[in-house]
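Before any comments, here is the structure.
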Amino acid sequence: MESRSIGHCQREIGFCPQYNALFNLLTVREHLEMFRKLSNSRANCAMKLMKDIQLDNVADVVAGKLSGGMKRKLCVGISLVGGRRVILLDEPTAGMDPASRQAIFQLLQHCKRDRTILLTTHCMDEADLLGDRIAIMVRGRLICAGTSEFLKNRFGTGYLLSIDLMPRQNLHSFDQKEQLLSTIRKHIPEIEKQSATSQQITVLLPIECKKSFPNLFIELEQNAGKYGINSFGLSLNTLEQVFLKVGELEDANLTAITDLENIAEQQASILCIMHTGLLLWLTQVTALLRKRFICYQKQWSRLIYQILLPIIVLVFTVFYVKNLSTREEKKQGILLNAGRISPCVVPVQLEDPEELFGHNVLQVIRNITGYSHKLVSTSESMELNLAKLPKIPPPVGMAVTYNTEDGYIAATVFFNAKARYGPVIAMTLVNNARLGQFADSIEVSFLPYGNVSGVSPLVSLNSHIFLIAPILIIIFAFVSSGFVTYVVDDLNTNFLHQQLRTRLNTFTYWLTMIISDLLLYAFICAVFIAILGEWLSNLKFDVMLLWLIYLWPTLPFVYCMAFLIRHSARAYIVLIIITLVVALCASIISYIMMSIKPKLFPYLHTTFLLALPTYSMSYSLIIILVADVNNDTNGLYSWEKLGRVYVVMFFSGLLFWLILIMMNFKPLTVYMHDLLSVIRRIPSSLSLYEDSLEDIDVKKERECVSRKRNTELSLAVRNLNKYYGDLHAVRALTFGVEPGECFGLLGVNGAGKTSTFDMLTGVSIPDGGEAFINGRSILKKQTIGFCPQFDALHPKLTARQTLQLLVSLYGFVNPMKRVKTLLEAVSLTEHADSCVEFLRL
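Using UniProt numbering, you'd call the opening residue of the sequence shown number 1 and step up by one each time.
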């Protein structure tokens, strides 16, 4: 590129990542148009490109409904649609069928005329066909580079001799293959066996032994019947052999290909002794609990908001409430002396200034600092005199008037309403005058209610627990919502399905999940009790019972939500919203209905108790606290108080547990699926298989399978059908697999291969037909090995931990030895202790 600006260079790069970076809700056409416009390309090439990548027939289908191969083709199209000059393709044809791969090859051959293309691949044919120059990397370093012919000549290992064998029924014994290999070694001792199946043997012949080839071929032709040879051929070494040779030269410790057979034989030789009965169950429970503990270690951040954050919030709340109580206890009485409203003017209306009471009033006012008096006329009322006074400082603090009747003094005191404690101060001044005290000698104090002896404990404890109660409800919403994340992890990755394909049953899985959540919940509750010990001295049993009953409907409610939301963070947030916001709205609605429609309130209240565990907990907690404040805990568990609430919570738990069981009970799931299929399916959309279009060999296979019993075949598939809306994805599929046979199911992308495997392994339910594995219906629990199209692995477990878990769920007696052999067999020993999420494809 001419420019040195990184931003400009990046705009000239089209990129197809290893993982499909697509928007599930956008169609194929919308993807291409969007990236074309983002690239500022004016060429209207989206439709032509869709035809080139063979996606024009699904142009208006959203990406989420495309098969894996179609998604890869769309990613390749996105990298090309902007007309960029440099194209980076990371394994572009992974998951494509041969026809689609050839179409992409042709497209890239055409595009590379005026563009620079850099691609990574594991397909040697792809590199050989498309690569003008090829580079091989091993362990992060570039080992060699050059043209395909240069690499073959430089690192070539010889010729490949491929021998096609006669059909299985004409092959006499296993020793026949060994005799054939012995004959080849007689002429060329340095041969290496590359592969051996029931139909073909492939061996590698060194280049330096070319002189021995004629004699070898003559003997093979002469003894073809003896060795069961149908045909044989010779070809030059492939780029794949070069790749393997370079890898072995770079790493002498790398497991040689020839050693893999020995490892496989070692794996097969391990006795398949399995636990049964109670020992199997204990092994499975221990393995699942160990998996949960590993998840706690690897996902410790979840424990922060499920355990640590609630504890911190509760500790700070308790600290605040204790500090509030201490401040109230330290409050002193407020002295209400006359100086609190100083300076001020006191108008005085006297009948006789020489009279004792009037004299005393004037004397008291003179002795108070900041006070002054003003004698007003007795011909007018005090109200009129006050109205005529000028509005200048100092203000009028109070006013005094009196008269004498029958020897009794009738004094009237006026006070300023703006003065705090004005009435009390005014009365104190008059009382001082009546007692002949010439100073502010009578002291009046305002004592806060909380300092009254015998009332302080009630205020500092019982009233403050009402401040902690809402915090407790919020905290338990966070604690209970956190349980959903671990279930979602298993469901979202389909790792739960992998576990259930072992000897593990659904009951054991959910029981272990409940045990692990219960242990964590008990620990959290114990910490809460320790923190709240001072406030819950008389309520520990009641509160602990409430927390236990609260868990009964909450756990199944959380587990059911995991099936609806297949993303852990999203499920956690939604549950918090339901447990807090929805429960709060329900409480507000209940109180409103209690006021405006009391007759309707019991029905609405019962509904909320049944559907919202948090609502039930908050209502019960209020009842407990109110009863404790009123010292009326004798009838706490009566029907009118907690009895009715706890009974409803019990039935609420039963309801949610029943729903969870129904979601995991296979026969019921099959029945509901069949019922919904009948309701939603349109008869005209059912495309019946036409016998006239059936191939003769397919018809023979159908007739052969129909004659055999299910127990005679390892896999018997009979008229299997699958619909996705109006799309008939699998049509009357019928075939059988003999014991010991390796059966290949081929088809282009979207042909229905994955749908067929999903039905056979229990991921989805057939819409018609039936299939049997070893005579057992696929609608029943199957113990089978399954490698799905998309990785069904727990991202936080290592490769070793994943295999140990699955081996333990199968119940093998010596799991560590079996795992070690398996890791060696798949050349994964070096990365055995790396988390699955960090492993390369």
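Note that beta-carbon positions come from the ideal geometry of N, C-alpha and C, so glycine has one too.
Keep in mind that this is a model prediction, so the values were computed, not measured.
{"Item": "Taking just the CA atoms, how far does Asp132 sit from Asp791?", "Value": "33 angstroms"}
{"Item": "Quick one, which of Asn431, Ile624, Leu805 has its alpha-carbon nearest Phe293's?", "Value": "Leu805"}
{"Item": "With respect to the alpha helix (DSSP H) encompassing Asp490, which residues constitute its N-terminal and C-terminal limits?", "Value": "484–492"}
{"Item": "Do Lys753 and Gly747 have their C-beta atoms within less than 9 angstroms of each other?", "Value": "yes"}
{"Item": "Check Tyr320 in the structure and name its three-state DSSP category.", "Value": "helix"}
{"Item": "If you drop the 5 nearest sequence neighbours on each side, which residues of the same chain put their C-beta closer than 6 angstroms to that of Ser590?", "Value": "His605"}
{"Item": "Who are the near neighbours of Val574 in its chain, counting only those whose CB is closer than 8 angstroms to its CB and skipping five residues on each side?", "Value": "Met561, Ile565"}
{"Item": "Could you work out which residue in Pro598, Ile623, Ile588 is closest to Leu539 when comparing CA atoms only?", "Value": "Ile623"}
{"Item": "Going by C-alpha to C-alpha distance, which of Ile136, Arg503, Phe23, Gln297 sits closest to Thr276?", "Value": "Arg503"}
{"Item": "Do you know whose CA, among Ala287, Ile163, Lys699, lies nearest Gln199's CA?", "Value": "Ile163"}
{"Item": "With distance defined between alpha-carbon atoms, name the residue in Leu74, Leu107, Thr116, Asn44 nearest to Ile13.", "Value": "Thr116"}
{"Item": "Hey, could you find the ends of the alpha helix (DSSP H) Met593 is sitting in?", "Value": "583–596"}
{"Item": "Please return the same chain residues whose Cβ sits closer than 7 angstroms to the Cβ of Ile191, not counting the five positions on each side in sequence.", "Value": "Ile184, Arg185, Val203, Leu204, Leu205"}
{"Item": "Keeping to the same chain, check which residues put their C-beta closer than 6 angstroms to that of residue 844; ignore five residues upstream and five downstream.", "Value": "Outside the displayed range of the chain (1 to 841) lies residue 844, so it cannot be described from this structure."}
{"Item": "Tell me, please, which residues DSSP counts as bridged to Gln349.", "Value": "Thr401"}
{"Item": "Evaluate the contact criterion for the stretch 568–583 versus the stretch 510–522: three or more CB pairs, one atom per stretch, below 8 angstroms.", "Value": "no"}
{"Item": "How big is the Cα-Cα spacing for Lys48 and Asn57?", "Value": "12 angstroms"}
{"Item": "When the distance is taken between beta carbons, is Gly77 closer than 9 angstroms to His122?", "Value": "no"}
{"Item": "Under 6 angstroms Cβ to Cβ from Leu207, same chain only, skipping five residues before and after it: list those, please.", "Value": "Leu is not the amino acid found at residue 207; the sequence shown has Ile there. The answer, listed in chain order, is Gly158."}
{"Item": "How would you call Cys16, buried or exposed, if buried means at least 16 neighbouring beta carbons within 10 angstroms?", "Value": "buried"}
{"Item": "Please name the residue or residues paired with Thr27 in a DSSP beta bridge.", "Value": "Val62"}
{"Item": "Who pairs with Ile13 in a beta bridge, going by DSSP?", "Value": "Val86"}
{"Item": "What residue range is occupied by the uninterrupted beta strand (DSSP E) comprising Met137?", "Value": "134–138"}
{"Item": "What do you get for Pro613, buried or exposed, if any count of 16 or more other CB atoms within 10 angstroms of its CB means buried?", "Value": "buried"}
{"Item": "Does the stretch 760–774 come within contact of the stretch 714–729, defined as at least 3 CB pairs closer than 8 angstroms?", "Value": "yes"}
{"Item": "What would DSSP say about Ser377, mapped onto helix, strand or coil?", "Value": "coil"}
{"Item": "Output the residue ranges of the alpha helix (DSSP H) runs that lie fully inside the stretch 762–817 and measure 4 residues or longer, sorted by chain position.", "Value": "799–810"}
{"Item": "Taking Met96 as the reference, give the member of Leu108, Val737, Ser67, Val81 with the closest Cα.", "Value": "Ser67"}
{"Item": "Under three-state DSSP, which class holds Gly370?", "Value": "coil"}
{"Item": "Just the Cα atoms here: how many angstroms apart are Ile312 and Ile304?", "Value": "10 angstroms"}
{"Item": "Between the Cα of Pro214 and those of Lys152, Ile188, Ile341, spot the shortest distance and give me the residue it belongs to.", "Value": "Ile188"}
{"Item": "Taking its Cβ as the centre, do 16 or more other Cβ atoms sit within 10 Å of His110, making it buried, or is it exposed?", "Value": "exposed"}
{"Item": "Between the Cα of Pro390 and those of Phe476, Pro347, Ile365, Ile409, spot the shortest distance and give me the residue it belongs to.", "Value": "Pro347"}
{"Item": "Would Thr798 pass as a contact of Ala751 if the rule is Cβ separation under 9 angstroms?", "Value": "no"}
{"Item": "Report the option in Ala21, Gly82, Ala729 whose CA atom is closest to the CA atom of Gly64.", "Value": "Ala21"}
{"Item": "By DSSP's criteria, Leu142 is part of a beta bridge. Which residues make up the other side?", "Value": "Met137"}
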